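Read top to bottom, the protein sequences are chains A and B. Going by this note's numbering, the residue at position 244 of the first sequence is 242; the numbering climbs one at a time, nothing skipped. Throughout, this note's numbering is defined as the position within the second sequence, counted from one, plus 6. Here a beta-carbon is modelled for each residue, glycine too, at the ideal position from N, C-alpha and C. The model shown is predicted, which means the values in this text are computed figures rather than measured ones. In what follows, a structure is listed as structure tokens, so that the remarks can point back to it.
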Amino acid sequence: MAERTTTPEQDEFREHCRRWLEKNRPPAPPFRLPIAPIEVMTEEVRQYLCAWQKRCYEAGLVACDYPKEYGGGGHKGFQSIATQEMGRAAVPYMINVIGLNMAAPTILTHGTDEQKRRLLPPLFAADEIWCQGFSEPNAGSDLAGVQASAVRSGDNWVVNGHKVWTSLAHFATWMIMLCRTSTDDKYNGLTYFIVPIANTTGVTVRPLIKITGETGFNEVLFDDVTVPDSMRVDAVGKGWTVAMTTLLYERGAAEGAGSGGGASVEERIGALIALAKSMKRWDDAVVRDKVMQLAIRAEGLRQTARRMRVEALSDQPMRLPLQAKLLVSELLQDVAAAGVEIAGPHATRYLGDPHAPDGGHWPHAYLNSYGYTIAAGSNEIQRNILGERVLGLAKSK
Amino acid sequence: MALTKDFGFGEDEKMVRDQARRLLRENAGIERLRALVARDHHAAYESAVQPAPWDEALWQEMVGLGWTALGVPEDAGGLGMKAIAVAALAEEAGRVALPSPLIATLIATTVLRAANARRWLERIVAGEPASLAVTNPAGSWNAADTDVTARPDGDGALLDGIACFVQDARKVRFFVVSARSTAGVGLYVVAGDAPGVTITPDRITDLTRDQASVRFERVRADVATAPPGGADVLEQALPAMLTIVAADLCGAAEWQLQTTAEYARVRTQFDRPIGFFQAVKHPLVDMMVDVDRARSLMYAAACALDHEPADALRLARMAKAAASDAAAYCSDRSIQLHGGIGFTWECDVHLYVKRQQHNRLLYGDAAWHRRQLAAVLGAAA
């Protein structure tokens, strides 16, 4: 007999999600949806996805656990249910993923009441898109080396600098941005700002081309951009601490305001088996073994996500959450690489080739997977963090 | 599919685990293990008969605490606790590489339980250790492949033949044997000291257990499952068996991780603790990732035994495969990262490396279980 682990309200909410998603599934778009929201490129895709997020928000499936006064649902333990049900229903993802999963929890934790009231409701409704300005050409893995500067000028700050790998900047109203406000101390010289991007004097957004041949992320140049002091997040010099909150959510170690939808890892394993069968490779013991290794990793990921919430079986509080980004990104990469190998010569055919298996998904997903093993702190950095924070090994820096 | 959020690991189960961890830490720690099994390398590998040392006083204490009764249903005098409690106990035994018939007995219990053999379950509760004798000389534990034959003899049977790879054969009081008769395969129980039983010990690498071939010559046996029910009972018990072995592997792998990490924190070279260097740091993290995957799957398999039996075999195979692979990697890195000292008899790591290797090969290695999984998942896709 299973223990009761949900409240009647949560059970009822799950039912609500199921019913609503069944009735309100959006019509299939006339274009190919990118693998992930951060790769959205065209205005028509943006409009389609913004409209979908807004409807989900209005139906109470987004920001469920945020306080009502900031536009949330005011519930507890609802978001993970909504996210699960959106995944189960295989509906499109939420486009404002950086806003929901990174900006919103950071603002809720460190922001002022005024910031929360002004910024969170349009973020939830996808009326304002968010991007993140952390990395720079000379500050990647060594993030605290950021050089973009903010200099105080009365009630304002003047921002100059260069941010890179900035997904969604081309649609963004706002950027969460890490700036240097002092050169005296590497870590304590950083301050966290919310910077206007769209229609802002001195801001230039330039697309970068990925190895997939697509754009989808950008570099953003700041030339004497004025930011009011009311858009500073937490104290001057506390930027590193605030950035750590953002990264905790970005790396999947904590749950944000919902991301919903998109293909689950299990579905991708299913697609891999289907591919192997259609390529007549499923009888090959080597192929089977490889696919089963991936299936076990996928199930392990799911069970670890479940174990993360069971204190008595987790040893140390951050041991499992800090593994999330590493596990997901490497699994997706290896699944895509396996798909390429299984499809053999057919996998030479890329997006747009009429004979490419699964529309060229496998070689495209493989190339694109490096975005995830590098972004949000490369996996080498993730291993440093796990080794140092969980296993207590000597710090690399 | 509704998942039991906490794996059914509640207060009672936590109490069992914490009590086991405490007792074993105090009475079966690494110093005690070394003194028991590795004092003398000549004796361990070169004496005419390999020794099979274990702490019988500790066994009595464990029996007194109800460890052999945990997984036995209440109507057979047991505590009727969940599979996740048994798994947690096996994990603690693995953590200290316990030389004891405990794991063999927990595994035999799963089969006797599936057979509903109350009389023998009661004897396990009372403290008699037991082991499975179901594997043929070729290494197959498939019921149909048994090399033992059974002939009816009054209300019992007479057994002839040989079972190999019998775990802790010299420590247990009775064997659960699969044997074929004209009616098919049945399961039988034989006392270890019954006339006609010959136990021939193997010389094995693992110092924390013993293993033997057991020959039966006109041995009088009790019927646990009448033929042809034996194959079904063994199959029914398989997920629980695999989960217990996976738990043993996971506990030992966690020890390997923690011990190697500790060495990397204290061992200094180039004026720094070696854990500073990423060539050491990153493999340690990969050990942790492997161990955690295996542990999550192992708890999931145990939870499925309790709450979702239809899914238990899939998860148990995944757990055994993941735990075997984690054990292989942790074993490999635990020696290598200890450097020269890790290659010596005096360092503790080899005791665990050898136990891990043994468990990895028991009841199907990782690749074998992946092959079985592929047949199932491929049919579903």
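Positions along the region 263 to 274 of chain B whose CB lies within less than 7 Å of some CB in chain A: For the region 263 to 274 of chain B, which is checked against every Cβ of chain A, the residues closer than 7 Å are Ala267, Ala270, Arg271.
Examine chain A for any beta-carbon lying closer than 9 Å to the beta-carbon of B:Pro315, and answer yes or no. No - not a single Cβ of chain A is within 9 Å of the one on B:Pro315.
Looking only at its own chain, which residues have a Cβ that is under 8 Å from the Cβ of A:Val326, when we skip the five neighbours before and after it? Around A:Val326: Gly250, Val263, Leu299, Tyr370.
Verify whether the separation of the beta carbon atoms of A:Ser59 and A:Ala80 is less than 9 Å. Per the sequence shown, the amino acid found at residue 59 of chain A is Leu instead of Ser. Yes; because the gap between Cβ atoms is below 9 Å, this pair is in contact.
Is there contact between the region 166 to 186 of chain A and the region 140 to 148 of chain A, where contact requires at least three CB pairs shorter than 8 Å? The region 166 to 186 of chain A is in contact with the region 140 to 148 of chain A.
Counting C-beta neighbours from all protein chains within 10 Å, is the total for B:Thr274 16 or more, i.e. buried, or is it exposed? Label assigned to B:Thr274: exposed.
Reference B:Gly77, options B:Glu62, B:Gly70, B:Leu95, closest by Cα: Answer by Cα proximity: B:Leu95.
Residue from B:Val251, B:Ala150, B:Tyr51 with nearest C-alpha to B:Ala99: Ranking the options by Cα distance to B:Ala99, first place goes to B:Val251.
Taking C-beta to C-beta, are B:Val178 and B:Leu165 nearer than 9 Å? Contact flag unset, no.
How about B:Arg176 and B:Ile210: do their beta carbons lie closer than 9 Å? No, they are not a contact pair.
Any beta carbon of chain A sitting closer than 9 Å to that of B:Pro79? No Cβ of chain A is located within less than 9 Å of the beta carbon of B:Pro79.
Residue(s) in a DSSP beta bridge with A:Arg150: Answer is A:Trp155, bridged to A:Arg150.
Pick from B:Gly346, B:Tyr335, B:Ala253: whose alpha carbon is nearest that of B:Leu303? Per the Cα distances, B:Ala253.
Which residues of chain B have a Cβ atom closer than 7 Å to the Cβ of A:Glu297, listed in chain order? By Cβ distance, chain B contributes Leu303, Met324.
Determine the contact status of A:Ile192 and B:Gly384, defining contact as a CB-CB distance below 9 Å. Contact: no.
Pick from B:His375, B:Ala93, B:Tyr335 that is closest to B:Phe13, judged by C-alpha positions: For B:Phe13, the closest alpha carbon among the candidates B:His375, B:Ala93, B:Tyr335 is that of B:Ala93.
Which residue or residues does DSSP assign as beta-bridge partners of A:Asn216? Under DSSP, the beta-bridge partners assigned to A:Asn216 are A:Pro205.
Rounded straight-line distance, which links the Cα of B:Gly345 to that of B:Ile36: In a straight line, the C-alpha of B:Ile36 is about 20 Å away from that of B:Gly345.
If you run the structure through DSSP and keep just helix, strand and coil, what is A:Trp128? Three-state DSSP puts A:Trp128 in a strand.
Residues near A:Pro355 by beta carbon distance below 8 Å, same chain, minus five either side: Answer for A:Pro355: Leu273, Ser276, Met277, Ala341, His344, Ala345, Arg347, listed in chain order.
Could you name the residues of the region 279 to 297 of chain A whose beta carbon sits closer than 8 Å to any beta carbon of chain B, in the order they occur along the chain? Taking 8 Å as the Cβ-Cβ cut-off against chain B, the residues of the region 279 to 297 of chain A that qualify are Trp280, Ala283, Arg286, Asp287, Val289, Met290, Gln291, Ala293, Ile294, Arg295, Glu297.
Beta-carbon spacing of B:Gly198, B:Phe180 below 9 Å: Their beta carbons are under 9 Å apart, which means B:Gly198 touches B:Phe180 by this criterion.
Contacts that A:Ala392 makes with chain B (C-beta to C-beta distance below 9 Å): Residues of chain B passing the Cβ test: Ala270, Arg271, Arg278, Pro279, Ile280, Gly281, Phe282, Phe283, Lys287.
Residues of its chain near B:Ile347, where Cβ-Cβ distance is below 8 Å and the 5 sequence neighbours each way are ignored: The residues are Cys353.
Contact with chain A by B:Asp18, beta-carbon distance below 9 Å: Output row for B:Asp18: interface = no.
Return no unless some Cβ of chain B is closer than 9 Å to the Cβ of A:Leu389. Any Cβ of chain B closer than 9 Å to the Cβ of A:Leu389 would place that residue at the interface, and such an atom is present.
Could you check where the beta strand (DSSP E) with A:Cys177 kicks off and where it finishes? For A:Cys177, the enclosing beta strand (DSSP E) stretches over residues 172 to 178.
Taking the straight line between their C-alpha atoms, what separation do you get for A:Glu134 and A:Leu206? So the alpha carbons of these two residues sit roughly 13 Å apart.
Considering only residues of the same chain and omitting the five flanking positions on each side of A:Ala392, which have a CB-CB separation below 8 Å? The residues are Glu386.
Between A:Glu297 and B:Asp151, what straight-line distance do the alpha-carbon atoms span, to the nearest angstrom? Whole-angstrom Cα-Cα distance: 32 Å.
Going by C-alpha distance, which of A:Gly200, A:His353, A:Ala269, A:Arg150 is nearest A:Gly235? It is A:Arg150.
Which residues of the region 133 to 159 of chain A have a Cβ closer than 8 Å to any Cβ of chain B? Give them in chain order. So the list is empty, because no residue satisfies the distance condition.
Go to B:Thr204, then tell me how far its beta strand (DSSP E) extends in each direction, as first and last residue. B:Thr204 -> beta strand (DSSP E) spans 203 to 207.
Alpha carbon to alpha carbon, how far is B:Cys309 from B:Gln378? Rounded to whole angstroms, the separation of the alpha carbons of B:Gln378 and B:Cys309 is 21 Å.
Closest Cβ-Cβ distance between A:Lys74 and chain B: below 9 Å? It does not; no Cβ of chain B falls within 9 Å.
Tell me, which residues are paired with B:Phe276 by DSSP? Beta-bridge analysis with DSSP links B:Phe276 to no other residue.
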